[in-house]
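Enquirer: Below you will find the structure I want to go over with you.
2 protein chains.
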Amino acid sequence: MFLRVVLLILLILSLSSGYNVPGSSTRNSRLSPRCGAFKSRTLFANGVADHEAVLTNLKTEESKLMSLLTDVRSKKLAALRSKPLRIAVVGFGRFGQFIAKSFSKTSTVIAVSRSDYSSVAKDMGVDYYSLKDFDKVIEKGVDVVVLSTSILSFSSLLSSLLPPLRTIGGSQPSTNYPLIVDVLSVKSHPRRVMLESLPPHCDVLCTHPMFGPESGKNSWSNLNFVFEKTRLAGKTYPDPQSTLNDPSSSMDAAFSIDRVERFLSLFEEEGCNMVELSCEEHDRAAANSQFITHLVGRILGRQGLKPTPIDTKGFESVLQLIGSTNSDSFDLFYGLYKYNGNSMDTILKMKQAMEEVEAGLKLMEREDVNAPGFGGDAGLLGFQRKNQLDDSPL
Amino acid sequence: MFLRVVLLILLILSLSSGYNVPGSSTRNSRLSPRCGAFKSRTLFANGVADHEAVLTNLKTEESKLMSLLTDVRSKKLAALRSKPLRIAVVGFGRFGQFIAKSFSKTSTVIAVSRSDYSSVAKDMGVDYYSLKDFDKVIEKGVDVVVLSTSILSFSSLLSSLLPPLRTIGGSQPSTNYPLIVDVLSVKSHPRRVMLESLPPHCDVLCTHPMFGPESGKNSWSNLNFVFEKTRLAGKTYPDPQSTLNDPSSSMDAAFSIDRVERFLSLFEEEGCNMVELSCEEHDRAAANSQFITHLVGRILGRQGLKPTPIDTKGFESVLQLIGSTNSDSFDLFYGLYKYNGNSMDTILKMKQAMEEVEAGLKLMEREDVNAPGFGGDAGLLGFQRKNQLDDSPL
């Protein structure tokens with residue numbers, strides 16, 4: 001998205017000022033059949049000097065572009081800051097505080113929680129409301145509501161937000177409702193719960209920032225941020241994608257798109273790797289990556305494994321896996337299991353694989369005539385007896 | 001061992017030439033109570049200049065020691081080369097060739113195998129004998145016989161070596177027999193088989209080089225080499241340790257010690273991390289490190305896991321684990337299981353842990369009133385129904 005904006009601006013600049021954007025017009029003209037043949041002959045004739053000139057030109061082009069990019073970026077940041085989003089972070093635990101701190105760089109953050117986090121919020125320089133005063137947050141107006149809670153308490157937290165949201169009124173357009181965002185490690189569950197319970201004109205964005213206060217401590221650069229634009233201007237994914245890109249779409253849709261893009265750009269600005277993925281695909285992939293990692297980590301974590309004097313590289317990564325997965329709460333592990341429909345299948349496949357591996361070993365055992373305790377050492381013991389006869393005490 | 005030799009030589013040098021070995025006399029005199037108190041006051045008075053002088057002296061000392069060390073090392077290498085061991089590597093597959101190549105730098109290597117590897121041996125510049133001509137190898141004389149075979153074929157290979165070894169004769173001293181060395185990834189099994197079947201005057205060294213042609217491709221530096229001096233001069237570990245260090249022990253024992261140390265120094269010279277560990281302890285540690293790593297890798301390897309767009313760091317190490325363990329043969333995995341008495345216990349504990357983890361999840365499931373499909377969304381669905389009434393089509 002950000003790149004698209006930058007490219008668009010560069011394109012406009014190139015058209016208005018005659019500046020050649022490399023990789024588009026410049027490269028094309030150089031590679032056009034006639035001109036290219038001529039150029040390559042000239043290059044060959046003039047040798048090194050010509051090559052150096054080309055390099056110098058490219059470097060100049062590069063530095064011009066870099067300065068344009070810096071300019072565009074600072075303008076974009078200024079734009080974001082000049083029209084800051086009002087973001088309510090509901091649930092102000094460790095993760096809520098973690099994202100709120102980053103949001104507060106360019107946005108107005110309102111912390112909301114059941115437990116009293118007023119002093120933490122004060123230290124961070126953000127407003128604080130108790131969850132039971134959420135109606136006041138709505139009254140004052142808010143662009144985005146981020147639900148930062150555990151998987152297990154998601155639906156109960158959401159239900160306590162519904163009465164204030166309903167005060168906004170029944171058949172209002174989506175512009176009146178805040179965009180509702182979840183950040184859970186499972187996606188189909190919150191998607192279903194939000195679509196089923198929120199007013200139909202409420203925009204919904206499902207996200208999974210695949211990092212936390214530990215892994216994102218220093219920077220969010222190159223960390224995965226998964227999202228699905230679940231419902232915008234009353235249209236539910238994947239149905240509305242074409243409609244939304246349609247220039248004839250309503251003002252409502254334009255407003256919704258602008259707001260969700262501004263929110264997403266908060267993560268984009270921090271350098272996140274933006275992964276647009278349906279909730280369904282996310283859960284399918286997560287069961288066979290994140291959940292299986294936690295499952296194996298939990299199983300191995302019960303073995304009391306410790307470093308030995310003879311650790312292999314493989315075992316060192318086993319110990320690392322145990323450390324990283326067992327430091328998370330069992331609640332999270334349970335949530336990944338119960339609230340992702342694919343996880344039970346992962347457990348069943350894991351158990352089956354364990355049995356298959358064991359069966360493979362037993363099969364070889366039956367065929368292994370040399371196996372200890374199966375009479376396989378008979379030949380050797382024969383030699384041993386002969387040795388004993390010849391070769392005195394053993 | 002090598003360090004002990006170096007330290008001994010340095011000690012002798014320091015006594016004869018008056019050279020101060022730092023860390024012994026020099027440091028002690030500096031830290032003696034009276035002198036130390038005086039020194040620290042002087043240091044404080046003279047400040048930076050004095051500190052720099054101390055540093056310069058230490059650097060000079062360091063470089064003198066480094067040059068002595070280099071000298072000792074090159075002399076040691078020359079000594080090894082001047083009296084090269086004759087080493088028969090029996091079993092000349094990938095691993096046999098891998099160690100033979102390194103041995104041949106300082107030793108005379110004789111390759112022996114069932115399959116015809118004569119051309120590989122020729123390329124490596126080492127002699128080659130077919131296994132059925134092992135009697136000729138014995139006849140010509142050999143210091144060390146390294147059995148480089150799979151766990152599964154170890155006892156059958158050993159039994160085919162016994163007749164030629166028996167020709168050496170019954171009640172000869174250990175100096176007449178070669179030192180027999182195994183390199184298996186399990187240790188109690190080959191130890192038992194060798195002690196039970198080899199002539200009682202045959203020296204036995206059990207080893208596990210914890211690296212191979214892949215991990216030791218570029219260097220053996222800092223790679224673990226596990227060994228147990230199982231039987232030397234008729235004395236079996238752990239019984240003979242004190243006897244062997246006893247200066248009154250026989251010429252036989254001195255010969256055995258010298259030979260085993262010369263062989264071990266081949267690995268020491270390559271920079272291996274030398275780990276002296278009993279076979280029993282090795283197998284106990286290996287079942288809870290190497291075997292469990294392979295077990296998990298094999299189980300995970302059956303799940304058809306692939307990189308996803310949302311891989312976590314933990315999952316990346318899971319994929320790495322699968323890759324490294326499944327590239328080894330199933331025979332090796334089976335060997336680690338069947339020929340290590342502790343491995344069955346590892347499997348049982350793993351299965352139990354899997355059941356405990358599942359039971360933990362089921363327990364939470366029963367208590368989780370919000371769980372999907374358990375009527376936990378009832379509150380939400382209540383809101384949803386109200387919303388439906390107020391808020392037109394859902």
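The listed protein sequences derive, respectively, from chains X and L.
With the UniProt record's numbering, letter number 325 in the first sequence gets 325, and the count goes up by one each step, no holes.
With the UniProt record's numbering, letter number 187 in the second sequence gets 187, and the count goes up by one each step, no holes.
Just so it is clear, CB atoms sit at the ideal spot from N, CA and C, and this is done for glycine as well.
All values reported here derive from a predicted model rather than from experimental measurement.
If you follow the alpha helix (DSSP H) that histidine 294 of chain L is part of, which residue opens it and which one closes it?
Expert: If you number the second sequence from 1, residue 294 of chain L lands on position 294. Note, histidine 294 of chain L: alpha helix (DSSP H), 292-301.
Enquirer: How is the alpha helix (DSSP H) around isoleucine 168 of chain L delimited, first residue to last?
Expert: Looking up residue 168 of chain L in the second sequence gives position 168. Careful: isoleucine 168 of chain L lies outside any alpha helix (DSSP H) and carries neither H nor E.
Enquirer: Counting along the chain, where does the alpha helix (DSSP H) carrying lysine 351 of chain L start and finish?
Expert: Residue mapping note: residue 351 of chain L aligns to position 351 of the second sequence, counting from 1. Where lysine 351 of chain L is concerned, the enclosing alpha helix (DSSP H) stretches over 343-367.
Enquirer: Considering just the uninterrupted stretch of the alpha helix (DSSP H) at histidine 189 of chain X, what are its terminal residues?
Expert: For the purposes of this step, residue 189 of chain X is taken as residue 189 along the first sequence, with counting starting at 1. Where histidine 189 of chain X is concerned, the enclosing alpha helix (DSSP H) stretches over 188-197.
Enquirer: Could you name the residues of the region 301-314 of chain X whose beta carbon sits closer than 9 Å to any beta carbon of chain L, in the order they occur along the chain?
Expert: From the region 301-314 of chain X, only Gly301, Arg302, Gln303, Gly304, Leu305, Lys306, Pro307, Thr308, Pro309, Ile310, Asp311, Thr312, Lys313 and Gly314 have a Cβ closer than 9 Å to chain L.
Enquirer: Closest to asparagine 176 of chain X by CA distance: which of X/Ser324, X/Val142, X/Phe267 and X/Pro209 is it?
Expert: As a working mapping, residue 176 of chain X is identified with position 176 in the first sequence. Here the closest residue by C-alpha is X/Val142.
Enquirer: For threonine 346 of chain X and threonine 325 of chain X, which I take to be in contact (beta-carbon distance under 8 Å), what is that distance rounded to the nearest angstrom?
Expert: Taking the first residue of the first sequence as 1, we reach residue 346 of chain X at position 346. Taking the first residue of the first sequence as 1, we reach residue 325 of chain X at position 325. Threonine 346 of chain X to threonine 325 of chain X, Cβ: 14 Å. No contact.
Enquirer: CB of asparagine 222 of chain X to nearest heavy atom of the ligand NAD: below 7 Å?
Expert: The model on display carries no ligand, and the ligand NAD is accordingly not part of it.
Enquirer: Which stretch, first to last residue, makes up the beta strand (DSSP E) that contains serine 130 of chain X?
Expert: Within the first sequence, the letter at position 130 stands for residue 130 of chain X. First-last of the beta strand (DSSP E) with serine 130 of chain X: 127-130.
Enquirer: When you compare each of X/Ala353, X/Leu305 and X/Phe225 to glycine 297 of chain L by their alpha carbons, which one comes out closest?
Expert: Here residue 297 of chain L corresponds to residue number 297 of the second sequence, with the count starting at 1. That would be X/Ala353, whose Cα lies nearest to the Cα of glycine 297 of chain L.
Enquirer: Is the Cβ of serine 24 of chain L closer than 8 Å to any Cβ of chain X?
Expert: The residue given as residue 24 of chain L occupies position 24 in the second sequence. Model confidence at serine 24 of chain L stands at a pLDDT of 38, short of 50, so the residue's coordinates are unreliable; what they give is reported in the following sentence. No, no contact with chain X.
Enquirer: Taking the alpha carbon of serine 174 of chain L as the point to measure from, which residue in L/Cys279, L/Thr236 and L/Glu280 has its own alpha carbon closest?
Expert: Taking the first residue of the second sequence as position 1, residue 174 of chain L is located at position 174. Closest option to serine 174 of chain L, Cα to Cα, is L/Thr236.
Enquirer: Check each residue of the region 90-105 of chain L: if its Cβ is closer than 8 Å to any Cβ of chain X, include it; give the result in chain order.
Expert: Here the close residues number zero.
Enquirer: Thinking just about the alpha-carbon of each residue, which of L/Leu152, L/Lys349 and L/Cys206 is nearest to the one in glycine 301 of chain X?
Expert: Numbered from its first residue, the first sequence carries residue 301 of chain X at position 301. Nearest option by C-alpha distance: L/Lys349.
Enquirer: Just to check my reading of the structure: threonine 167 of chain L and aspartate 133 of chain L have Cβ atoms closer than 8 Å, yes? What is that Cβ distance to the nearest angstrom?
Expert: Within the second sequence, the letter at position 167 stands for residue 167 of chain L. Within the second sequence, the letter at position 133 stands for residue 133 of chain L. Not confirmed; about 13 Å, so no contact.
Enquirer: Let me confirm a value: aspartate 258 of chain L is counted as buried when at least 16 other C-beta atoms fall within 10 Å, else exposed. Which label applies?
Expert: In the second sequence, the residue the question calls residue 258 of chain L occupies position 258. Exposed, since its Cβ has fewer than 16 Cβ neighbours within 10 Å.
Enquirer: Whose CA, out of L/Pro178, L/Phe291 and L/Asp331, lies closest to the CA of residue 417 of chain L?
Expert: Lying outside 1 to 394, the shown extent of chain L, residue 417 of chain L is not represented and no answer is given.
Enquirer: Under 8 Å: do the region 310-321 of chain L and the region 300-318 of chain X share three or more Cβ pairs, one atom per stretch?
Expert: A contact exists between the region 310-321 of chain L and the region 300-318 of chain X.
Enquirer: Whose C-beta lies closer than 7 Å to the C-beta of lysine 101 of chain X among residues of the same chain, with five residues either side of it excluded?
Expert: Taking the first sequence and counting its residues from 1, one reaches residue 101 of chain X at position 101. Met124, listed in sequence order.
Enquirer: Is the Cβ of aspartate 50 of chain X closer than 8 Å to any Cβ of chain L?
Expert: Here residue 50 of chain X is taken as the residue at index 50 of the first sequence, counted from 1. Judged by the 8 Å Cβ criterion, aspartate 50 of chain X is not in contact with chain L.
Enquirer: Check whether the Cβ atoms of valine 137 of chain L and serine 104 of chain L lie closer than 8 Å to each other.
Expert: If you number the second sequence from 1, residue 137 of chain L lands on position 137. If you number the second sequence from 1, residue 104 of chain L lands on position 104. In this structure, serine 104 of chain L does not lie closer than 8 Å to valine 137 of chain L by Cβ.
Enquirer: With lysine 101 of chain X as the anchor, note down where its alpha helix (DSSP H) starts and where it stops.
Expert: The residue given as residue 101 of chain X occupies position 101 in the first sequence. Residues 94-103.
Enquirer: Valine 183 of chain L by DSSP, collapsed to three states: which one?
Expert: As a first step, residue 183 of chain L is located in the second sequence; it is residue number 183 there, counting from the start. In this structure, valine 183 of chain L counts as coil in the three-state DSSP scheme.
Enquirer: Taking C-beta pairs closer than 8 Å, name the residues in chain X that tyrosine 337 of chain L reaches, listed in chain order.
Expert: Against the second sequence, residue 337 of chain L aligns to sequence position 337. Ordered by position in chain X, the residues that pass the 8 Å Cβ test against tyrosine 337 of chain L are Leu361.
Enquirer: Tell me the residue span of the beta strand (DSSP E) that contains residue 416 of chain L.
Expert: Residue 416 of chain L cannot be examined here, being either before or after the span of chain L that is shown, 1 to 394.
Enquirer: Report buried or exposed for serine 16 of chain L, applying the criterion of at least 16 other Cβ atoms within 10 angstroms of its Cβ.
Expert: The residue you call residue 16 of chain L lines up with position 16 of the second sequence. Any reading at serine 16 of chain L needs caution, since the residue's pLDDT is 44, under 50, leaving its predicted position unreliable; the model's value is listed next. Classification of serine 16 of chain L: exposed, given that the 10 Å Cβ count is below 16.
Enquirer: Using beta-carbon positions only, say whether isoleucine 151 of chain L and glycine 304 of chain L come within less than 8 Å of one another.
Expert: Counting from one through the second sequence, the residue named residue 151 of chain L turns up at place 151. Counting from one through the second sequence, the residue named residue 304 of chain L turns up at place 304. No, Cβ-Cβ distance for isoleucine 151 of chain L and glycine 304 of chain L is not below 8 Å.
Enquirer: Cβ atoms of leucine 165 of chain L and leucine 198 of chain L: under 8 Å apart, would you say?
Expert: Stepping through the second sequence from its first residue, residue 198 of chain L is reached at position 198. Stepping through the second sequence from its first residue, residue 165 of chain L is reached at position 165. Yes, the pair counts as a contact, with Cβ atoms nearer than the cut-off.
Enquirer: Check for me: the beta strand (DSSP E) holding alanine 88 of chain X runs from which residue to which?
Expert: Here residue 88 of chain X refers to the residue found at position 88 when the first sequence is read from its first residue. Per DSSP, alanine 88 of chain X belongs to the beta strand (DSSP E) from 86-90.
Enquirer: Starting from aspartate 252 of chain X, find everything on chain L with Cβ-Cβ shorter than 8 Å and list it in chain order.
Expert: Here residue 252 of chain X refers to the residue found at position 252 of the first sequence. None at all; the shortest Cβ gap to chain L is about 15 Å.
Enquirer: In the DSSP assignment, the alpha helix (DSSP H) including leucine 264 of chain X goes from what residue to what residue?
Expert: Position 264 of the first sequence, counted from the first residue, corresponds to residue 264 of chain X. That run of the alpha helix (DSSP H) goes 251-269.
Enquirer: Do the CB positions of proline 190 of chain X and aspartate 182 of chain X come within less than 8 Å of each other?
Expert: As a first step, residue 190 of chain X is located in the first sequence; it is residue number 190 there, counting from the start. As a first step, residue 182 of chain X is located in the first sequence; it is residue number 182 there, counting from the start. Contact flag set, yes.
Enquirer: Beta-carbon of arginine 298 of chain L versus every beta-carbon of chain X: anything under 8 Å?
Expert: Indexing the second sequence from 1 puts residue 298 of chain L at position 298. Taking Cβ atoms only, chain X reaches closer than 8 Å to arginine 298 of chain L, which makes this a yes.
Enquirer: To the nearest angstrom, report how far apart leucine 55 of chain L and leucine 65 of chain L are at their CA atoms.
Expert: Here residue 55 of chain L corresponds to residue number 55 of the second sequence, with the count starting at 1. Here residue 65 of chain L corresponds to residue number 65 of the second sequence, with the count starting at 1. Distance between the alpha carbons of leucine 55 of chain L and leucine 65 of chain L: 15 Å.
Enquirer: Just tell me which of X/Lys140, X/Glu139, X/Gly91 and X/Ser107 has its CA closest to the CA of aspartate 116 of chain X.
Expert: Mapped onto the first sequence, residue 116 of chain X falls at position 116. Among X/Lys140, X/Glu139, X/Gly91 and X/Ser107, the Cα nearest to that of aspartate 116 of chain X is on X/Gly91.
Enquirer: Does aspartate 368 of chain L come within less than 8 Å of chain X when only Cβ atoms are used?
Expert: For the purposes of this step, residue 368 of chain L is taken as the residue at position 368 of the second sequence. Answer yes: the Cβ-Cβ gap between aspartate 368 of chain L and chain X drops below 8 Å somewhere.
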